[in-house]
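Number of protein chains: 2
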Amino acid sequence: MRGLGTRTVLYQQGVASTLGLYNQDYLSVDILREKGPITAGELSKLTGLATGSTTALIDRLEKIGYVRRQNDPHDRRKVIIVPEYEHKAEVSHTYHSLHTAMLELASSYTDEELALITNFLGKANIVLEEQIYHLNAASQSKTSP
Amino acid sequence: MRGLGTRTVLYQQGVASTLGLYNQDYLSVDILREKGPITAGELSKLTGLATGSTTALIDRLEKIGYVRRQNDPHDRRKVIIVPEYEHKAEVSHTYHSLHTAMLELASSYTDEELALITNFLGKANIVLEEQIYHLNAASQSKTSP
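Quick note, the sequences are listed as chains A and B, same order.
Using the numbering used here, the letters of the first sequence correspond one by one to residues 8 to 152.
Using the numbering used here, the letters of the second sequence correspond one by one to residues 8 to 152.
Laid out in structure tokens, this is it:
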């Protein structure tokens, strides 16, 4: 599991570098893709970045057309960040090879086996999310005594 | 799977920041832990870092006692980098919480189910390793036409 973790990090760095993005920028784009449109404050919380850094990050991503800011249709006082990068050809092109290889791997398992694996990955996801929360809380309490 | 990837990256960043390390330094430490003692050249290839950056990285890690350089007992002309950080209390302390939570998750599965999941993770690992290789090869051919 830890070996997979290290490779995942290296893979993400490879994708970021292929797309000409900073690792942290790419990571935020990926969080946006998963969480859907969210506010800058929510993105800041999820990445652990300071508010000022998050603003600069959104500026950079908006400039290259990876995200766009818009008023929240449900609450006009809020501005949300909408991911746009999934439509970009260079992004789908970069992921295509991994996608194909993973589908091929999945096809060697039965439906029941895949259901079990997916279930496990979902739970591992929740465990990791809790751990990230604890880690951030611990390092914040250290910096502000 | 991609959600898990993003969280893994965030978790690793959290660990690195808790330990007061740069993300890239921490990643290299984790690669060393997995691959065992290797030469600076091999580490450079696995991380995709330039030779000079790898030397500076090893200097930093040696200074804080996370790795040490020694002559390869099998080939005196080579210098290998030996990971030392697993013995450090702050490292095992940081991982302890994730370790406990993952063991608890694993205990809810039967031995056969765990064997299947482990098998899948091992294969996903190989797929990712190949993808990293291709990504790096592609971005290198772009920078040196």
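Cβ coordinates follow ideal geometry from the N, Cα and C atoms, glycine included.
What SER104/B touches in chain A, judged by beta-carbon distance under 7 Å, is GLN138, HIS141, going in chain order. Contact between the stretch 28–44 of chain A and the stretch 101–110 of chain A is absent: fewer than three C-beta pairs spanning the two stretches fall below 8 Å.
Annotated three-state conformation of THR46/B is strand, per DSSP.
By the Cβ-count criterion, ILE133/B is exposed, with fewer than 16 other Cβ atoms from all chains shown falling within 10 Å of its own Cβ. Rounded to the nearest angstrom, the gap between the Cα atoms of ARG83/B and GLY48/B is 16 Å. Looking from the CA of ARG40/B, the closest CA among VAL89/B, THR58/B, LYS95/B belongs to VAL89/B.
Listed in chain order, the positions of the stretch 35–51 of chain B with a beta carbon within less than 7 Å of a beta carbon of chain A are ASP37, ILE38, GLU41. In the displayed model, ILE133/A falls within a helix according to three-state DSSP.
Using a CB distance below 7 Å, the part of the stretch 117–131 of chain B facing chain A consists of GLU120, LEU123, ILE124, PHE127, LEU128, LYS130, ALA131, ordered along the chain. Note that the C-beta distance between TYR18/A and LEU56/B is not below 7 Å. Taking CB atoms only, TYR18/A has a neighbour in chain B less than 7 Å away. What GLY12/A touches in chain B, judged by beta-carbon distance under 7 Å, is THR15, GLN19, going in chain order.
ILE88/A sits in a strand when the DSSP states are folded into three classes. Per DSSP, the unbroken alpha helix (DSSP H) holding ALA96/A starts and ends at 96–113. Against chain A, the CB of VAL74/B has no partner CB under 7 Å away; the residue lies outside that interface.
Closer than 7 Å to the CB of VAL86/A there is not a single CB belonging to chain B.
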